[in-house]
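Quick notes on the structure that follows.
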Amino acid sequence: MIKFNPADRIERPQKNVFVPDYYNAQKLDLLFKAVKAQWSYWLLFTVCGVVKPLE
């Protein structure tokens, strides 16, 4: 029989703090240009709340 509990030596995982990363206007422009020809363009266009479509 063992004299100690080996599970007592295990370090429990720590909770990671979430740091959000937001898109700025320049990153959104690049994203819209990259997906303009795809169906997801309209999804991103709607979700981001852009008022006018890209030229």
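Anchor point for the sequence shown: position 5 equals 8 in my numbering, and the numbering is continuous, going up by one each time.
Just so it is clear, CB atoms sit at the ideal spot from N, CA and C, and this is done for glycine as well.
Using the C-alpha atoms, what's the distance from residue j back to residue i?
i	j	result
residue 32	residue 39	10 Å
residue 23	residue 49	21 Å
residue 4	residue 15	25 Å
residue 21	residue 30	21 Å
residue 36	residue 18	37 Å
residue 13	residue 28	46 Å
residue 11	residue 46	50 Å
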